[in-house]
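Asker: Protein chains in written order, with the working numbering: chain A, 43 to 469; chain B, 43 to 469. In this text, a Cβ means the ideal position worked out from N, Cα and C, and glycines have one as well.
(1) Can you pull the chain A residues whose beta carbon is under 7 Å from the beta carbon of residue 95 of chain B, in chain order?
(2) So, with DSSP's three-state summary, where would you put residue 354 of chain B?
(3) Residues of chain A with a CB under 9 Å from the CB of residue 325 of chain B: which are they?
(4) Check the C-beta distance from residue 471 of chain A over to residue 409 of chain A and give it rounded, since I have them as a contact under 8 Å.
(5) Could you tell me which chain A residues have their CB closer than 7 Å to the CB of residue 80 of chain B, listed as they occur along the chain?
(6) Buried or exposed for residue 391 of chain B, please, with buried defined as at least 16 other CB atoms from any protein chain shown within 10 angstroms of its CB.
(7) Going residue by residue through the segment 104-156 of chain A, where are the continuous alpha helix (DSSP H) segments of at least 4 residues, counting only ones entirely within it?
(8) Could you tell me the alpha carbon to alpha carbon distance between residue 476 of chain B and residue 119 of chain B, rounded to whole angstroms?
(9) Is it buried or exposed, residue 235 of chain B, if we count other Cβ atoms within 10 angstroms and call 16 or more buried?
(10) Give the C-beta separation of residue 342 of chain B and residue 187 of chain B to the nearest angstrom, bearing in mind that I take them to be a contact with Cβ-Cβ under 8 Å.
(11) Alpha carbons only, please: which of B/441, B/344, B/453 and B/424 is nearest the one belonging to residue 158 of chain B?
(12) Under the three-state reduction of DSSP, which class applies to residue 407 of chain A: helix, strand or coil?
(13) Using a Cβ-Cβ cutoff of 9 Å, what residues of the segment 347-358 of chain B are near chain A? List them in chain order.
(14) How many angstroms separate the CA atom of residue 58 of chain B from the CA atom of residue 192 of chain B?
(15) Let me see if you follow: with CB-CB separation under 8 Å, is residue 68 of chain B close to chain A or not?
(16) Can you give the Cα-Cα distance for residue 274 of chain A and residue 303 of chain A, rounded to whole angstroms?
(17) Does residue 44 of chain A come out as helix, strand or coil in the three-state DSSP assignment?
(18) If I follow the unbroken beta strand (DSSP E) through residue 293 of chain B, where does it start and stop?
(19) Taking only beta carbons into account, state which residues of the segment 133-145 of chain B come closer than 8 Å to chain A, listed in chain order.
(20) Rounded to the nearest angstrom, how far is the Cβ of residue 78 of chain A from that of residue 88 of chain A, given a contact under 8 Å?
(21) Please report the distance separating the alpha-carbon of residue 404 of chain A from that of residue 271 of chain A.
(22) The alpha helix (DSSP H) that contains residue 250 of chain A, what's its start and end?
(23) Can you name the residues of chain B whose CB is closer than 9 Å to the CB of residue 219 of chain A?
(24) Against residue 329 of chain A, what residues of chain B qualify as contacts under a CB-to-CB distance less than 8 Å, listed in chain order?
(25) Does residue 222 of chain A get closer than 8 Å to chain B when you measure Cβ to Cβ?
(26) May I ask you to report which of helix, strand or coil DSSP gives residue 100 of chain B?
(27) My guess is that residue 228 of chain A and residue 460 of chain A are in contact by the Cβ rule of under 8 Å, so how many angstroms apart are they, rounded?
(28) Looking at the structure shown, is residue 210 of chain A part of a helix, part of a strand, or coil, going by DSSP?
(29) Note down, in chain order, each residue of its chain lying with its Cβ closer than 7 Å to the Cβ of residue 433 of chain B, except the 5 sequence neighbours on either side.
(30) From the DSSP output, read off the bridge partner residues of residue 331 of chain A.
(31) Would you tell me roughly how many angstroms separate the C-alpha atoms of residue 305 of chain B and residue 44 of chain A, rounded to the nearest one?
(32) What are the start and end residues of each continuous alpha helix (DSSP H) run of 4 or more residues lying completely inside the segment 399-450 of chain A, in chain order?
(33) Taking 8 Å as the cut-off, decide whether the C-beta atoms of residue 149 of chain A and residue 319 of chain A are in contact.
(34) Taking Cβ positions only, does residue 193 of chain B come closer than 8 Å to chain A?
(35) Taking only beta-carbon atoms, is residue 73 of chain A less than 8 Å away from chain B?
(36) At 7 Å on the CB atoms, spell out the chain B contacts of residue 201 of chain A, in chain order.
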């Protein structure tokens, strides 16, 4: 019937009103709101299925791009990999040595789910020294990757049928993991021609009665945007006013070239910080991260670690202690990333058919194909097939079909060659 | 009202009838059964909450016991640890070397979520060589622990509101993870005085219209029971007849001292095998395991790995390849475990106030306090406080308040001392 009279199949306004109505009915009848939301959630999902509305689609993620590229690589194709968000730096030597030494000292056993006390204590000292943040050990948790920290945060803070605010473009995993835990992502888009600035009213208007969290991450993956700490405070204020927990993914904070906001500086009434050893110390393949939150949320997140994976490998935890002391390496990595931003900025600026903002930090550019005629997906596909260069299509990060992400996790000469090939294809 | 007229608060028969009714109504109305079960599940849970029926309780698990013991250890108390299911053996030297070598060769990057091709291929060869099972690579998945393989299997095979059969006593994680993914565990109890035999009619009668999986694990943790392969086939037949997927946790298969059943020998129409490097090669602290299933289920499980943790640490995967070639070590470990079973059997047999069956395999004894006067929880607590010996209370493994689990993950002299102290306290 909707189709016959040209009504859109999905009406987000109706969905939001239903949420309000169900929560009111729950309050009136003395039923737990969570039960109402859970039932509504099941019925809305079924309604969509029956009407043929696709569920949140599987977008092309950086990881699926890796698989495609590895296949081509196997077939003998020489590739310039500017897709995956992985620094090419080496992990600090002290980390490798501590990890190996722990291995040969038979640190090969189960540990406490929250991490070995020595690492928890080292994270506490690191946060004190680098962020002037005083954490109790009960407020810290070691996780098997920053990604897992995000998953555990979402699963601990949010319940099925609730919703969370995400500012887009952003890391695809936020939306994917929210969908996985049956929480509705509500996206607040930002635009290149507004310098990726966040409109505070857009954020306020996006909040529904069942919204319980706001996900923030600066420097932004993929735009490199870093909002001012004062504006960040305003965002936290909106979260506080609406009883939202701020989940701040601070994985790129060491790669920021203007003052980087952090919830650890205060201002959020309820928060979880997720972070990782992956970017700062180039330890992606170690799968280790951490979370900072209230003792109560950390305890809930610890139960999830315990339930799903028991703990992080013991000898890796010993290695991670040394990373937290490797300031020289993290500073060098940060400096190199800054140089790459400058370099790629110079190279990209000569390509007329691309628009972009110069990143404030992070390790990515997110240019747009000017005129928005060519779709980035098709462009990326031709770039791979004709020039052997991999980038990630903008659709992975939100509704950005004409943008693509360039990752700076490659040596300068590779980046220059890659960007020049982008220019060649566009010419 | 129920209380006033002495009716039990919970009536499992009513719950089972409701499930049938809802599924029938769904079929009649052309609504997806999953939606009906999801809604029923939310309402039943709320009904229980309102009536004050506790949700599946947090039982004392081996891990929570570790925390208690570590605290006492920190306070300087000398302990005999017979609680945690962790072999005291050392990982094979070749594993340590390969892992360390991979680390220093910078195998420190993201890998494919399903595992590095070299390890997947090594698992395929291992299954061919040791289990005469021919797997395609698409049917294999590397997981960050056997526990994670179980979690991914449950989350892939079962949907919210469905149910799964578990034979008890068994590893507490099965029930805990099922509860976590909102699936109802239906337990089929076995008894010491029936030699922990499984009654096939009990299994058949436990199956409801929403039951979708049967969880099996032999040798059994905690009883050490290994059922005959012919009886195992009968269990698989029941699963097939009812359209259940068999989830067979084969983590202890190398510690079996009579022919050990495996679904890899055939007989199950739909199955997932979960396994791990933890017990066979004493690699608990490496957090690595694997799963074998249909390509379709492996693909669903791979998505969960990718979503929650990306992949297993790369250099650990290189170490694991060497484990699969370490037959000498796994045979030695298996032989030592057999000797410990004989030894502890001799020691325990002289304690009058304990009844038990001698394990067919695995690494545990599960004795019962004869007469069932003393609760194992109280006994375990006194054993820890008065004798410095840790065991795990039977309530962790099901409704076994008078049993406790002794783990054999300690050298012979420690086991002898521990069991003698148990005898002393009982005297």
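Answerer: So, to answer that:
(1) Near residue 95 of chain B there are no residues of chain A at all, since even the closest Cβ is about 14 Å away, more than 7 Å.
(2) coil
(3) 150
(4) The structure shown does not extend to residue 471 of chain A, since chain A is modelled only from 43 to 469, so the question has no answer here.
(5) 84
(6) exposed
(7) 104-116 and 135-146
(8) Only positions 43 to 469 of chain B appear in the structure, and residue 476 of chain B is not among them; the question remains open.
(9) exposed
(10) Between residue 187 of chain B and residue 342 of chain B the Cβ distance is about 18 Å, and since that is not below 8 Å, they are no contact.
(11) B/344
(12) strand
(13) 348, 349, 350, 351, 352, 353, 354, 355, 356, 357 and 358
(14) 25 Å
(15) no
(16) 6 Å
(17) coil
(18) From DSSP, residue 293 of chain B is part of no beta strand (DSSP E); its letter is neither H nor E.
(19) 133, 138, 141, 142 and 145
(20) With 8 Å as the limit, residue 78 of chain A and residue 88 of chain A do not qualify as a contact, their Cβ atoms being about 16 Å apart.
(21) 16 Å
(22) Unbroken run through residue 250 of chain A: none, as it is neither H nor E.
(23) 349 and 350
(24) 186, 351, 352, 353, 354 and 355
(25) yes
(26) Annotation note: pLDDT 49 at residue 100 of chain B (below 50); position unreliable, coordinate value reported separately. If DSSP states are grouped into helix, strand and coil, residue 100 of chain B belongs with coil.
(27) Not quite, the Cβ-Cβ distance comes to about 35 Å (not below 8 Å), so this is no contact.
(28) strand
(29) 124, 125, 422, 425, 446, 447 and 448
(30) A/185 and A/318
(31) 50 Å
(32) 418-424
(33) no
(34) yes
(35) yes
(36) In chain order: nothing, as chain B lies at least about 11 Å away.
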